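For what it's worth, the working numbering labels the leading residue of the sequence shown as 1, then goes sequentially.
All residues carry an ideal CB built from backbone N, CA and C; glycine is no exception.
Small disclaimer: the values here were computed from a predicted structure and weren't measured.
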Amino acid sequence: MSTIVQIDSNIPHASFDRRATPSRNPVIQMHFEPIAYGITSVATYIMEFTIQAFGQSTFTLSGGPVPVTNTGTKVLNGPAKVSLIFPNLSPVQQVFGFMEQTAGSAWSWFSTSVQFPPIVISQ
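Here it is as structure tokens:
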């Protein structure tokens with residue numbers, strides 16, 4: 001089964017079903033380099049994948065080539081947001097993050113974003 005990328009729907013998405021091609025794991029991957037967006041200082045970034053799994057599904061979450069936080073196996077069911085954290089990233093360091101399905105049901109990918117961590121104010 002081919003990957004379905006639906007861009008003319010109300011909510012653009014890509015659909016995957018590993019059961020149709022079990023020898024080929026579906027993967028979503030993103031590359032990011034801060035300097036390409038005009039960022040010139042070291043910072044921490046969060047890469048977030050937004051998906052919906054239509055039944056229990058197992059994913060491997062990873063990235064590199066620098067140390068990344070929150071990697072490993074994730075078991076998801078229903079709407080989910082999964083994040084990788086790239087701490088103290090140099091503005092000229094290109095990084096990548098990916099989510100690879102290793103077992104389970106069909107699923108849809110809706111977006112991948114990179115953002116700064118939320119601001120926390122403590123009194």
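| query | result |
| --- | --- |
| Does DSSP put I35 in a helix, a strand or coil? | helix |
| Apply the 10 Å Cβ neighbour rule to V120 and answer buried if 16 or more other Cβ atoms are within range, or exposed otherwise. | exposed |
| Expressed to the nearest angstrom, what Euclidean distance is found between the alpha-carbon atoms of V82 and Q115? | 13 angstroms |
| Just the C-alpha distance for F16 and P87, rounded to the nearest angstrom, thanks. | 31 angstroms |
| Could you pull out every residue in the same chain whose Cβ sits closer than 6 angstroms to the Cβ of A71, ignoring the five residues on either side in sequence? | Going by the sequence as given, residue 71 is Thr instead of Ala. Hits under 6 angstroms: L61, S62. |
| If T50 sits next to I85, beta carbons under 8 angstroms apart, how far is it from one beta carbon to the other, in whole angstroms? | At roughly 16 angstroms, the Cβ-Cβ gap does not stay under 8 angstroms, so T50 and I85 are not in contact. |
| Classify P34 as buried or exposed, calling it buried when 16 or more other Cβ atoms lie within 10 Å of its own Cβ. | buried |
| F116 lies in the beta strand (DSSP E); which residues open and close that run? | No beta strand (DSSP E) holds F116; DSSP gives it neither H nor E. |
| Using a Cβ-Cβ cutoff of less than 7 angstroms, which residues in the same chain neighbour W107 once the five nearest sequence positions on both sides are dropped? | F16, I51, Q52, A53, F54, S57, Q101 |
| DSSP beta-bridge partners for I46? | I85, Q115 |
| Can you tell which of K74, V92, S111, S122 has its C-alpha closest to the C-alpha of H13? | S111 |
| Between which two residues does the beta strand (DSSP E) containing S15 stretch? | 13–16 |
| Have a look at the DSSP bridge pairing and note the partners of G55. | In the DSSP output, where bridge partners are listed per residue, G55 has none listed. |
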